[in-house]
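Peer 1: Pasting a structure here, questions to come.
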Amino acid sequence: MKRTNISIFIPHIGCPHRCSFCDQRTISGAQKPPTADEVSALLCGQAPHLTENGTLAQIAFFGGSFTAIPRGYMEELLKAASDAVKRFPCYTGIRCSTRPDCISEEILELLASYGMTAIELGAQSMNDEVLKANERGHTADDVRRAARLIRQSGIELGLQMMTGLYKDTPERCLYTADEFIKLSPDTVRIYPTVILKNTTLGSLYEKGEYKSFGFDETVELCAKLLSIFESNNIQVIRLGLHSSGDISRDMLGGVYHPAFREIVESRAVLRALTERFNALPNGNYAVFTDKRNISRVIGQKRCNIRALGALGYNIIVKEREGETLDIAPQKEI
Ligand code: SF4
Numbered sequence: 002m003k004r005t006n007i008s009i010f011i012p013h014i015g016c017p018h019r020c021s022f023c024d025q026r027t028i029s030g031a032q033k034p035p036t037a038d039e040v041s042a043l044l045c046g047q048a049p050h051l052t053e054n055g056t057l058a059q060i061a062f063f064g065g066s067f068t069a070i071p072r073g074y075m076e077e078l079l080k081a082a083s084d085a086v087k088r089f090p091c092y093t094g095i096r097c098s099t100r101p102d103c104i105s106e107e108i109l110e111l112l113a114s115y116g117m118t119a120i121e122l123g124a125q126s127m128n129d130e131v132l133k134a135n136e137r138g139h140t141a142d143d144v145r146r147a148a149r150l151i152r153q154s155g156i157e158l159g160l161q162m163m164t165g166l167y168k169d170t171p172e173r174c175l176y177t178a179d180e181f182i183k184l185s186p187d188t189v190r191i192y193p194t195v196i197l198k199n200t201t202l203g204s205l206y207e208k209g210e211y212k213s214f215g216f217d218e219t220v221e222l223c224a225k226l227l228s229i230f231e232s233n234n235i236q237v238i239r240l241g242l243h244s245s246g247d248i249s250r251d252m253l254g255g256v257y258h259p260a261f262r263e264i265v266e267s268r269a270v271l272r273a274l275t276e277r278f279n280a281l282p283n284g285n286y287a288v289f290t291d292k293r294n295i296s297r298v299i300g301q302k303r304c305n306i307r308a309l310g311a312l313g314y315n316i317i318v319k320e321r322e323g324e325t326l327d328i329a330p331q332k333e334i
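Counting with my numbering, you get residues 2 to 334 for the letters of the sequence shown.
Structural data, given as structure tokens:
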């Protein structure tokens, strides 16, 4: 059964101010928040297609600080979503993203009463200097407090982090991952910073006072982060910004690639293979892997084959059902 989100963007609604990196109108392409009637119409319209394709969907309110939007408007949106969940079996729940300083027991009770199934906290970093430099207006302790309350409420917890913000370092990103793990999130999203026009980061970048991490550095870092979360049984549900808008038009720098996850997963495979080959003599080898893993083992434009070749390991990749990664000398095949 396929699963997806039907994303409903409420650009910047509920946000007390604009964070240094954020322009939701560019990222989402949404210029104005929808009315509850528009949400109902969208969900009714999508239901037959989802059902026909055998797809289950969560209704996702993204792009603003959902728990801080005006209460009347919030309840109208929640009612539209919860009515759709009751009416159409293809909708399995409701999720939202919000700020860590906009979570209280009272709001969690209200969200639960409408059937909210998951809340994603935009934590971005667990380093207070990075949070301050990027005008987040909350601390790492706010993230810890909000995460604890969400866990206690029984609603699924998602945490979102960014890499390469102003004053960020790879070590601070790895620290953020360690701190996330202590909060036991169900899911994590990792967003490398994209520097956009008309943002504080954009101005700092244009003045030469800031540049984000480079592409390769970010791929390497995200491959480490992915391994850390996966080895702690935490699902990484997004790697790299998803843009419904025209991000290339407003992007000044930073890291964006539509196939970013594939590139990172491929790098993670290269790291795992390199570690195993380091214990073997140079020579010709076959790597066996499952069909869906083959492109990750080979890498974009055969980059993993070339990287291993440069280390003295000439490999061919062969399909073997159910195999993650198995290595054998070529003469034994
Ligand atoms: S990062 Fe989140 S809180 Fe900050 S402006 Fe964007 S949507 Fe609002």
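All C-beta atoms, glycine included, are put in the ideal place defined by N, C-alpha and C.
Since the model is a prediction, treat every value here as computed from it, not as a measurement.
(1) Taking the alpha-carbon positions, what's the Val189 to Lys332 distance?
(2) Report, in whole angstroms, the separation of the C-beta atoms of Met117 and Ile95, which I expect to be a contact under 8 angstroms.
(3) Taking the beta strand (DSSP E) that Asn285 falls in, what are its first and last residues?
(4) CA-CA distance, Thr290 and Phe214?
(5) Tell me the rounded alpha-carbon separation between Ala148 and Leu240.
(6) For a test of your reading of the model: does the CB of Gln25 fall under 7 angstroms from any non-hydrogen atom of the ligand SF4? Yes or no.
(7) Should Thr325 go down as buried or exposed, given a rule of 16 or more other Cβ atoms within 10 Å for buried?
(8) Output yes or no for whether 8 angstroms exceeds the beta carbon distance between Val220 and Ile191.
(9) Skipping 5 residues on each side, what residues in its chain have a beta carbon closer than 7 angstroms to that of Val318?
(10) Could you give the distance in angstroms between the alpha-carbon of Gly310 and the alpha-carbon of Ile264?
(11) Please give me, in chain order, every unbroken run of the alpha helix (DSSP H) with length at least 4 that falls completely inside the segment 99-126.
(12) Secondary structure at Cys174, three-state DSSP: helix, strand or coil?
(13) Output the boundary residues of the alpha helix (DSSP H) element that contains Gln47.
(14) Under 6 angstroms Cβ to Cβ from Leu184, same chain only, skipping five residues before and after it: list those, please.
(15) Can you grab the Cα-Cα spacing for the pair Glu1 / Leu312, in whole Å?
(16) Taking 8 angstroms as the CB-CB cut-off, is Lys80 touching chain B?
(17) Mind checking whether the beta-carbon of Cys97 lies closer than 7 angstroms to any heavy atom of the ligand SF4?
Peer 2: According to the structure shown:
(1) 43 angstroms
(2) 5 angstroms
(3) 284-290
(4) 32 angstroms
(5) 21 angstroms
(6) Gln25 Cβ: within cutoff of the ligand SF4.
(7) exposed
(8) no
(9) Around Val318: Val288, Thr290, Ile295, Val298, Ile299.
(10) Each residue's Cα considered, the two are about 19 angstroms apart.
(11) You should have 106-114.
(12) helix
(13) 37-53
(14) Ala148
(15) With the chain covering 2 to 334 only, the question about residue 1 has no answer from this structure.
(16) Absent from the structure: chain B. Only one protein chain is present.
(17) Answer for Cys97: no, Cβ out of range of the ligand SF4.
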